[in-house]
Structures are given as C-alpha cells and as structure tokens.
Amino acid sequence: MAKQAHEMLADALDAASKAAFKNIVQSRLINEKQVTLLKKEGFLKPIIRGWYLLDADLSNPDTGNSVLWHESYWTFIGQYLQLNIGDKYVASAEQSLDLQTGSNVIPPQLLIGNLKKVNRVVELPSDLSLSLFTANQLPEIIDNHEGVNIYPLESALIKAGPAYFRRQPLEIALALKSANNTLLLSELLNKAQVSAAGRLAGAYRAVMMPTEADAILSAMGAAGLSATETNPFDEPVPEITSMRPQSPHAARIALLWESLSDRITSRLQRPIEPPTNIDAAIERLEETYTHDAYHSLSIEGYRVTPELIERVRSGQWNPLENEEDQKHLDALAARGYWEAHGQVKETIRSLYANQLTIAALRGDVADWYRALFGPMARAGMLNPVDLAGYRNRPVFIRGSRHTPLPIEAISDAMETMFDCAQQESHPLTRAILCHWLIGYIHPFPDGNGRTARFLMNTLLVAAGYSWTIIRLETRQDYMAALEELSVNHNPDQFVNVVLEAMNHQWT
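In my numbering, each residue's number is its place in the sequence shown (first place is 1) plus 4.
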C-alpha cells in the first residue's frame, strides 16, 4: 500500500532530524525526494547550496528571519569549515578578541585564515558572509568557540594590529583585564614581539594598570629586547571599575555605560525637579494606562484591543470560570500586564520615598516579570518553573545580529546595570540606558521588552517625568534603534525614539 502524504512527510522529518547536528542538515545525508518534500513544506530552509536549517517554524519561510538561524550560526560555521578545510584554520585575531571578551554580536563578515589556501567569500542569510583567506601560519595553541577555532586571548592581543586598538578600545580594555600576564609575557618573549610589547605596555598604562605595563618593559629589557612603549589609543579609555569573577560581560556593561552616558546626556536638557506629589503623578499615568497597555502589548505581537484591556481592568475577565478566557493568550497577556502595572506603581512610590535608591529595583524587576506571566502559569499555559527568576536557557532575538548574554553572565550583568544606574547623575540618561540594557542582557525567558519599558517609566515618573509610551506605529524605528545601539553602540537613534515618545501628546 502506498504511503499517505503525511506518512512520507513524517519519514522525511525523521530522516532529517537524524542527519541534523544542532538543526544543521547537509542535503547529501538524506535522499533527494525527502529534501524536495521538506523544502516544499517549509521545514528545510536553505543556508547555502547543500546546507539547510531544519526549522519547524513554518510562519517564517526565510532563513534570515528565523530565530533558529542565529542560534545555529556558529554550529553551521564549524561544520562547514570542518568539511571544507578540516581543522587547519583560525578566526582572525581581531574577531577572536571580540569573542574572547564576550562580544555577543555576530560579525557581518567572519574572517577565517586557513593553511589549505582556500580563498573565497561565502554569502550567508541575514546579509552575513564568511571570508576564507590563506594564512601563513596558525597559533601554536588554538581555542574553540562553539565549534569554531579562534586565537587564545593572549595570542589575539599580540596579533591584533594597531588599527584594532584605535577602533575597539573597549574590547582591548576587557582583554587586558582578562589576560593571563604570564602567558602574555611568555609569548612576547618567545617570539621577540617587540612592537606588540610596546603597544601592549602603552595600552596597559592607558587603562590604569601600570604594574602590568612595567612588567612587560622589564621582561623585554632583561631579555635584551628594546621595546618602546606607545599609547595605541586615540582617546582616553574608561577605567574598568567592575570586573566580577569570570564575567567580562559585567565589565563590558560598565564600560559601555560610561562611554554612552556622556554622549546621551549631552543631547538632553537639564534634569527637571522631582515631583512634589507622587500620588498626583501616579494618577496622571493612570489616565494613559489603556493607551500604554495597548501599545506595549501590541509591540510584542499580542492582539490586544482597548475593549479587552477595559474588560480585564473592570474584572469582567475571569479565567477561573470562563473556559474561553482561560485559553485566550491575548487576554492572559493583558491580565499579566495589569497585574504588573500595579506593582510598578508601588515601585515608583518606593523609589520616590527613598530618593531614587536603585537598590529597591533589584527584586522588584523580577517581581514585575512574575506578575506579567503569573496568569499564564495559573492557566497551565506556562511551566511555573519559568517564574523562578532569570532565564536558565539561551534565547535569541529574531532578525538581530545581537545575541543576548549567556545564562552564567546574567546575574553579574544585572548587578552591574543597577550599580551604574545608581551612579548615573541624569535621570533620563539612567532611564534610557536601563531600558536598553534589559533588552541587551535579556534576563528573563520572555517579556523583556515590557519589562524594559516598565523600568524606563518607573525611573522617569519617580524623577518627575511623564509616563512615556512607545507607540505601535513606531515599532520599526524602535526596534532598529535598539539594534543600532546593541550592535554598533550608537545611541542617537534610540534617544530620538524616546524623546519623540516623550513629546507625543495623548488626548
């Protein structure tokens, strides 16, 4: 008896899943008919010829729009290089440094030096590419990043050219803080790297690490090598004040905050006076609650109407007795938003009473997240374990080259964000950077966008500003501005979006 269409599809999916390695499938490993069927049904999304992404999200037929593509990017690179080059390759020293210091941005073009003398550019989805070039030699010791060969941190620091020091002072500062000085000195001496020694000595002194700078010059001199110290940076490098154990991500956030703060504040007017009556301020924000809930939830893709919001607020929504309400995801999201909004108002009161002592926010932000998703957990649509706190699994942002921080870095990164917020002098700069960093860190399994907007507005209202609504019609500019800030560390677009939203008049 001939197999039914659904049986053939099931067989093809089974074959592809067995051939796949972390969602990457080489078409040569399954038969041609199965490849054709899975492509037609949308389960196989092309990466390059002969390589596919096995993705069950049929709502996004394009590989570049798939969250799974960004999740699987490094896996694909590692498999492709192993098949075509073997293991005689390494990512460029500069890109290795980015990875070694916790950069969570996929490079637009990954540079791979190899001994096989393969020279070509491979175009990839999402406007990414892989550039293969001939390398004269590889480092004696090679590290690995998610299956891809990279330079060890110390070797990358020595190999990186002067232009990288000028262009990426933050990465260099993080690398210097993380480097093993004995390994660094050993390699400098072993290969008589005089120019690199002078550059690194100058870099160490510029980031306020004179002991390490002196050690390099002393060791080189003792070996009969004359290294001339040179400052490789064009501008002063912010001092790293936060370097929590094994978390370059926390130090990165501290440096980013310091470098972005002045740039943002220079575009702002002087801070306004704090409110004299916080109850009146909260009463005013209540007047725009329906607008705020509609736009904030709609930005996240929920189909929420003002009528639904009013039904939730009036108590007519009842998931315990009404089966339709219990199953209605949009209604559950609206209920969670209402519950979290109530907690946000209490946080505003607390911040105002304690004169913006940010310590109060540490626990409250996690409470907002739990309130957002409590209704879904109670309705059985979410595992209650997910309400525990910070996420315990990787997440990826659709269409973004920025990858949220790894789970082991979240706690330190959030603590650093709150520390920086406490030290920030301009309340609007504080609100803007905290909003961005919630998305950058992505501490929760879901709801990070809503949490970020809650945090921004909590800081604004407590400091005397009005509750600010990011409107649905500005979503594209809003998301693009966040991407620009996360990837290129350019805050201008996001500042524009926030200032425009603050100036919007609601009637």
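For each residue, glycine too, the CB sits at the ideal point set by N, CA and C. These numbers come from a predicted model, not from an experiment.
Supposed close pair residue i, residue j - CB separation, criterion 8 Å
i: Ile414; j: Pro398; result: About 11 Å separates the two Cβ atoms, so there is no contact after all.
i: Leu437; j: Leu264; result: 6 Å
i: Leu187; j: Glu158; result: 5 Å
i: Ala200; j: Ile162; result: 5 Å
i: Arg267; j: Pro65; result: Not a contact, Cβ separation roughly 40 Å.
Member of the options whose CA lies at the smallest distance from the CA of residue i
i: Trp261; options: Leu178, Trp372, Glu428, Val348; result: Glu428
i: Asn235; options: Leu464, Gly228, Ala223, Pro214; result: Pro214
i: Leu376; options: Ala338, Ala383, Ser404; result: Ala338
i: Pro111; options: Lys121, Glu127, Asn35, Leu119; result: Glu127
i: Glu477; options: Tyr356, His295, Gln426, Leu386; result: His295
i: Asp371; options: Thr455, Leu386, Asp334, Met385; result: Thr455
i: Gly202; options: Asp368, Ala223, Asp15; result: Ala223
i: Ala183; options: Gln197, Tyr208, Arg170, Tyr168; result: Tyr208
i: Asn88; options: Ser130, Gln30, Asp61, Asp131; result: Gln30
i: Arg170; options: Leu193, Asp147, Leu132, Ala210; result: Ala210
i: Glu216; options: Asn194, Glu191, Gly225, Asn185; result: Asn185
i: Trp471; options: Leu193, Ala284, Trp440, Leu189; result: Ala284
Same chain, Cβ closer than 8 Å to residue i, neighbours up to 5 away in sequence not counted
i: Leu178; result: Thr105, Gly106, Ile244, Pro252, Ala255, Arg256, Leu259
i: Phe25; result: Thr79, Gln83
Whole-angstrom distance between residue j and residue i, CA atom to CA atom
i: Ala219; j: His149; result: 30 Å
i: Gly340; j: Ala297; result: 10 Å
i: Tyr482; j: Gln509; result: 18 Å
i: Glu291; j: Trp342; result: 14 Å
i: Ile34; j: Ala19; result: 7 Å
i: Ile116; j: Leu142; result: 11 Å
i: Pro275; j: Leu289; result: 20 Å
i: Arg248; j: Gln8; result: With a pLDDT of 48 at Arg248, under the threshold of 50, the modelled position of that residue is not reliable, and the figure given next carries that caveat. Near 58 Å, if we compare the C-alpha coordinates of Gln8 and Arg248.
i: Asp15; j: Pro50; result: 20 Å
i: Leu1; j: Leu13; result: Because the chain is modelled from 5 through 511, residue 1 falls outside the range shown and cannot be assessed.
i: Glu175; j: Asp238; result: 14 Å
i: Pro278; j: Thr407; result: 36 Å
i: Val369; j: Leu459; result: 7 Å
i: Pro388; j: Asn452; result: 18 Å
i: Ser490; j: Lys37; result: 42 Å
i: Leu17; j: Ser300; result: 38 Å
i: Ser70; j: Val241; result: 37 Å
i: Ala196; j: Ala231; result: 10 Å
i: Leu48; j: Leu386; result: 29 Å
i: Ala23; j: Arg402; result: 25 Å
Beta-carbon proximity list for residue i, same chain, < 7 Å, skipping 5 on both sides
i: Leu272; result: His430, Leu432, Thr433
i: Ile362; result: Phe422, Ala425, Gln426
i: Ser76; result: Lys26, Asn27, Ile28, Leu57
i: Ala164; result: Ala97, Glu98, Leu101
i: Ile81; result: Leu114, Leu134, Val152
i: Phe448; result: Tyr373, Tyr394, Arg395, Thr455
i: Tyr168; result: Glu98
i: Met418; result: Ile445, Pro447
Cutoff 6 Å; reference residue i; Cβ partners in own chain excluding five residues on either side
i: Ala485; result: Gln497, Phe498, Val501
i: Arg124; result: Leu136
- Task: Run through the region 57-100 for me and flag every whole alpha helix (DSSP H) of 4 or more residues, listed as ranges in chain order.
- Result: Within the region 57-100, the runs of alpha helix (DSSP H) that reach at least 4 residues and sit entirely inside it are, in chain order, 71-88.
- Message: Please give the ranges of any alpha helix (DSSP H) in the region 101-140, keeping only runs that are unbroken, at least 4 residues long and fully inside the region.
- Response: Here no run is fully enclosed.
- Whole runs of the alpha helix (DSSP H) within the region 380-467, excluding any shorter than 4 residues: The qualifying runs are 414-427, 431-445, 452-466.
- Item | Complete runs of the beta strand (DSSP E) confined to the region 331-385 [at least 3 residues] | Listed in chain order, nothing qualifies, since the region 331-385 has no complete beta strand (DSSP E) run of 3 or more residues.
- Which ranges would you report for the alpha helix (DSSP H) in the region 211-246 if only whole runs of at least 4 residues count? Positions of the alpha helix (DSSP H) runs, each at least 4 residues long and wholly inside the region 211-246, are given as 214-226 in order along the chain.
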